[in-house]
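Chemist:
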Amino acid sequence: MANFSRENCRAIGAHITTTANTTIYSATGYPHIIDIRCANLTSNDVPVTISWYSSQDADQYHLIYQHPIPANGAVTFPLEGFAPMTGDEIRIQAGSANAIDVILTLAEVPGRMI
Numbered sequence: 001m002a003n004f005s006r007e008n009c010r011a012i013g014a015h016i017t018t019t020a021n022t023t024i025y026s027a028t029g030y031p032h033i034i035d036i037r038c039a040n041l042t043s044n045d046v047p048v049t050i051s052w053y054s055s056q057d058a059d060q061y062h063l064i065y066q067h068p069i070p071a072n073g074a075v076t077f078p079l080e081g082f083a084p085m086t087g088d089e090i091r092i093q094a095g096s097a098n099a100i101d102v103i104l105t106l107a108e109v110p111g112r113m114i
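Position 26, counted from 1, in the sequence shown is what UniProt numbering calls 26; the numbers after and before it change by one each time, with no gaps.
See the structure below:
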């Protein structure tokens, strides 16, 4: 796994309040997504789907599909520097409304070559 400690890193949080597909991040600049952490706030397992929307393809692709997040637990999905293009989106869909909190960690890398 890469060491991102010297990069310009930040975290973005989101409460997933619906069972609909929810955009939690729209890419600008040169981001590298390090990981996505999903915390389950309920006493039941909740499935989560994490998708990447490619603005170039105008299509959505599943990164994680219906992975169960354990009751009152959390799962971290390492994306190992996944590099979306400007205009791409990361989307989350939860099996229950108001059950999942998400933290997306990314590094913004100046001058990344496409």
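C-beta atoms are modelled at their ideal positions from N, C-alpha and C, and glycine is treated no differently.
(1) By the DSSP assignment, the beta strand (DSSP E) with residue 121 in it spans what residues?
(2) Hey, how far is the Cα of Arg91 from the Cα of Ile33?
(3) Across the segment 78-97 and the segment 51-63, are there enough close Cβ pairs to call them in contact, namely three or more that are closer than 8 Å?
(4) Would you please state the rounded distance, in angstroms, between the beta carbons of Asn72 and Thr17? I believe it to be under 8 Å.
(5) Excluding the 5 residues preceding and the 5 following Ser43 in the sequence, name in chain order all residues of the same chain whose CB lies nearer than 8 Å to its CB.
(6) On the DSSP bridge assignment, give the partners of Pro70 in chain order.
(7) Specify, as a first and last residue, the run of the beta strand (DSSP E) that Ser51 falls within.
(8) What does DSSP give as the partner residue(s) for Ala11 in the beta ladder?
Modeler: In terms of the structure at hand:
(1) There is no way to answer for residue 121, as the model of the chain reaches only from 1 to 114.
(2) Position 91 of the sequence shown, counting from 1, holds the residue named residue 91. Position 33 of the sequence shown, counting from 1, holds the residue named residue 33. Roughly 13 Å between the two C-alpha positions.
(3) yes
(4) For this step, residue 72 is matched to residue 72 along the sequence shown. For this step, residue 17 is matched to residue 17 along the sequence shown. Contact flag wrong, Cβ pair sits at about 19 Å.
(5) For the purposes of this step, residue 43 is taken as residue 43 along the sequence shown, with counting starting at 1. Within the same chain, Ser43 has close Cβ partners Ala71, Asn72.
(6) Translated into the one-based positions of the sequence shown, residue 70 becomes position 70. DSSP output for Pro70 lists no bridge partner at all.
(7) In the sequence shown, counting from the first residue as 1, residue 51 sits at position 51. Element bounds for Ser51: 46-54.
(8) In the sequence shown, the residue the question calls residue 11 occupies position 11. Answer by DSSP bridge pairing, in chain order: Thr105.
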